[in-house]
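The opening residue of the sequence shown carries number 27 in this note's numbering; numbering runs sequentially from there.
All C-beta atoms in this analysis are idealised placements derived from N, C-alpha and C, irrespective of residue type, glycine included.
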Amino acid sequence: MGVEIRPITEGDWPGLWPIIETVTRAGETYTYPLDMTEAQARVLWTPPAPGGTLVAVEDGQVLGAAKIIPNQQGNGAHVANGSFMVAPEARGRGVARALGEAALAFARDAGFRSMQFNAVVETNTVAVALWKKLGFEIVGTVPEAFDHPTHGPVGLHIMHRRL
């Protein structure tokens, strides 16, 4: 059947929450609180328009998601921000790339002029490489801004790409 990328539905949340919980609790890639609740996650991952959430689904199972929101308010709202999570068991199958490509198209169609990631953990080399392949540049790195559970203080990249 293959992986389908589509907007999230109410019925997808029970499949998405375990992915968010697993990634968040690992503490390796997001600046979220390690004890973030399901209710907090749902607010973060189901934004109103012009933002939105896309899910990657295969045979009814949620494999990952992409959240697109304005990066800032007011005069900065023309820049999108994206967040991505993929289930550990679905990694290495092109799910993140498909979500990234779909998120870029979503943002462009929603009228955003560029996309910026504010906090890509520098030790997350797989994500950094993917975003570079999709046309993002590292425009700066905040040194020691992330307390990685294994590597200690590491940098957070700010990455940007015009749409």
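- Per the C-alpha coordinates, the member of V88, V112, G100 and L89 positioned closest to V49 is V112.
- Taking 4 residues as the shortest admissible run, the segment 41-105 contains the following complete alpha helix (DSSP H) segments, listed from N- to C-terminal end: 64-71.
- F110 places its beta carbon 8 Å or farther from that of V147.
- Per DSSP, R139 has no beta bridge partner at all.
- Between A128 and I31 the beta-carbon gap is near 4 Å, inside 8 Å, which marks them as a contact.
- With a beta-carbon spacing of about 13 Å, G181 and V165 fall beyond the 8 Å limit used to define contacts.
- Cα atoms of N150 and G37: separation of roughly 30 Å, rounded to the nearest angstrom.
- Under the three-state reduction of DSSP, P175 is assigned to coil, being neither helix nor strand.
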